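**Q**
Numbering (the numbering used here), first residue to last: 1 to 348.
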């Protein structure tokens, strides 16, 4: 463990995403939690007294003794991870960026801003260049995508590169933890599927276009793909399962598609980033795989698990993709973004 780990702050530290940041940053080789930030209700208390710790791992002792600070940009740490609720994240993150902080956010508020990277390190690391156009006087904001978007775009990227994409249809079965804590009422979820998640379908139809887009002349040019999404909440604790249909620009055999997935790698792997999966995509031949309970934690919970590739009578092919929504899809994805930023010199 390096004694020169970079001190960081966690915004929204008492919430479910904030707690996941703290869990993943515990014993991280590059970063250490030095400050925790939460609402007025928690400010001034020791973190252990302010938080309702809901994770199965123990609360890190060094963080438990930290005094919670309020949401003002007066931290000593110049890098902050944001797990703030969207009701306040937009203005708070801007305030920190304007004061020179590097904000790596899991919140939705700035994802579609034209000068903010919507980053999946295995896919669009070159988009980080656009932070140089942000008007924050030394600070910046970088976001990671919606939890349901990440698994799908990881599976789509090799297909886009090899064969091109014209259209995508996706139906999601999303875990309860994606709704935060306390989340969805138990009587709504037991013996039930809820065929609506507020705001989710528009995100899944628009975010991939930016992520898969091209950075050129200081701008991100969205990819031109038609995407249709239907999103459902199901009684699974962690792990979003998505049924995806794709129409390709070039013909491809089943074997070529599987090969594209299995051989896919990126600079996140080349740079050996601490949170990066060894393999971004795992393909399973077994007809009943992937499954959330079995495969959500594969490769640190940071990989996409893909299976059931079949020809499709309406599109070209259909398949199933699974990803861990709180590791890959939230705090872990944002942490990986920060690791890429450090490795490429955006964080000193």
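Where is the CB? At the ideal position from N, CA and C, for every residue including glycine.
Computed from a prediction, not measured in an experiment: that's the story for all the values here.
Could you please give the first and the last residue of the uninterrupted alpha helix (DSSP H) stretch that includes residue 289?
**A** Run containing residue 289: none; DSSP gives neither H nor E here.
**Q** Contact check, residue 334 vs residue 104 under 8 Å by CB: the rounded distance?
**A** With 8 Å as the limit, residue 334 and residue 104 qualify as a contact, their Cβ atoms being about 5 Å apart.
**Q** Is it the case that the Cβ atoms of residue 368 and residue 144 are separated by a distance below 8 Å?
**A** Nothing can be reported for residue 368, as the shown portion of the chain is limited to 1 through 348.
**Q** Please state the DSSP three-state secondary structure of residue 127.
**A** Helix.
**Q** What are the start and end residues of each continuous alpha helix (DSSP H) run of 4 or more residues lying completely inside the stretch 64-132, in chain order?
**A** Correct list: 86-98 and 121-124.
**Q** To the nearest angstrom, how far is the alpha carbon of residue 18 from that of residue 51?
**A** If I take the Cα positions, the gap works out to 10 Å.
**Q** Within the continuous beta strand (DSSP E) that includes residue 173, where are the two ends?
**A** Residues 165-174.
**Q** From what residue to what residue does the beta strand (DSSP E) around residue 338 run?
**A** From DSSP, residue 338 is part of no beta strand (DSSP E) but of the alpha helix (DSSP H) over 332-343.
**Q** Look at the Cβ atom of residue 46, then the Cβ atom of residue 64, and state whether they are nearer than 8 Å.
**A** In this structure, residue 64 lies closer than 8 Å to residue 46 by Cβ.
**Q** So for residue 46, helix, strand or coil by DSSP?
**A** Of the three classes helix, strand and coil, the one that applies to residue 46 here is strand, per DSSP.
**Q** Is the CB-CB distance between residue 31 and residue 6 below 8 Å?
**A** Yes, they are a contact pair.
**Q** For residue 86 and residue 71, what's the separation of their Cα atoms in angstroms?
**A** Distance between the alpha carbons of residue 86 and residue 71: 14 Å.
**Q** Would you identify the three-state DSSP class for residue 143, choosing helix, strand or coil?
**A** Strand, per DSSP.
**Q** Give the C-beta separation of residue 295 and residue 322 to the nearest angstrom, bearing in mind that I take them to be a contact with Cβ-Cβ under 8 Å.
**A** Yes, they are in contact, since the Cβ atoms of residue 295 and residue 322 sit about 6 Å apart, within 8 Å.
**Q** Kindly list the residues whose CB is nearer than 8 Å to the CB of residue 134, restricted to its own chain and excluding five residues on each side of it in sequence; keep chain order.
**A** 97, 115, 116, 140 and 141, listed in sequence order.
**Q** By Cβ distance below 6 Å, which residues in the same chain neighbour residue 171 in space, the five residues on each side in sequence not counted?
**A** Contacts found: 230 and 243.
**Q** Can you list, in chain order, the residues of its chain whose CB lies under 6 Å from that of residue 162, leaving out five sequence neighbours each side?
**A** Cβ within range, chain order: 260.
**Q** By the 10 Å Cβ neighbour count, where 16 or more other Cβ atoms means buried, how is residue 355 classified, buried or exposed?
**A** It is not possible to answer for residue 355, since the shown part of the chain is limited to 1 through 348.
**Q** Looking at the unbroken beta strand (DSSP E) that takes in residue 281, where does it start and where does it end?
**A** That run of the beta strand (DSSP E) goes 281-284.
**Q** Let me check understanding here. Comparing Cα to Cα, which of 310, 250 and 176 lies closest to residue 235?
**A** That would be 176, whose Cα lies nearest to the Cα of residue 235.
**Q** Using the C-alpha atoms, what's the distance from residue 60 back to residue 15?
**A** Their Cα atoms are separated by approximately 16 Å.
**Q** From residue 130 to residue 219, what does the alpha carbon distance come to, in whole angstroms?
**A** So the two alpha carbons sit approximately 7 Å from each other.
**Q** Touch check for the stretch 249-269 and the stretch 184-200: three-plus C-beta pairs under 8 Å?
**A** Output reads no: the stretch 184-200 does not touch the stretch 249-269.
**Q** Grouping DSSP H, G and I as helix and E and B as strand, with all else coil, what is residue 31?
**A** In the structure shown, residue 31 sits in a strand (DSSP, three-state: E or B).
**Q** Classify residue 278 as buried or exposed, calling it buried when 16 or more other Cβ atoms lie within 10 Å of its own Cβ.
**A** That one is exposed.
**Q** Taking the continuous alpha helix (DSSP H) assigned at residue 7, which residues delimit it?
**A** Careful: residue 7 lies outside any alpha helix (DSSP H), inside the beta strand (DSSP E) at 6-11.
**Q** Grab me the residues of residue 307's own chain with a C-beta within less than 6 Å of its C-beta, minus the 5 sequence neighbours each way, in chain order.
**A** Counting only Cβ-Cβ distances below 6 Å, and skipping sequence neighbours, we find 284, 289, 290 and 320.
**Q** Ignore the nearest five residues each way along the sequence and tell me which others in residue 273's own chain have a CB closer than 8 Å to its CB.
**A** Contacts found: 121, 336, 339, 340 and 343.
**Q** From the DSSP output, in three-state form, read off residue 230 for me.
**A** Reduced to three states, the DSSP call for residue 230 is strand.
**Q** To the nearest angstrom, how far is the alpha carbon of residue 222 from that of residue 287?
**A** Computed Cα separation, rounded: 35 Å.
**Q** I need the boundaries of the alpha helix (DSSP H) containing residue 319, first residue and last residue.
**A** Note, residue 319: premise wrong, no alpha helix (DSSP H); beta strand (DSSP E) at 317-323.
**Q** Please work out which residues of its chain come closer than 6 Å, Cβ to Cβ, to residue 108, disregarding the five sequence neighbours upstream and downstream, and give them in chain order.
**A** Answer for residue 108: 86, listed in chain order.
**Q** Go ahead and pull the three-state DSSP assignment for residue 221.
**A** Three-state result, residue 221: strand.
**Q** Please state the DSSP three-state secondary structure of residue 137.
**A** It is coil, neither helix nor strand.
**Q** CB residue 247 to CB residue 316, shorter than 8 Å?
**A** The answer is yes: Cβ separation under 8 Å.
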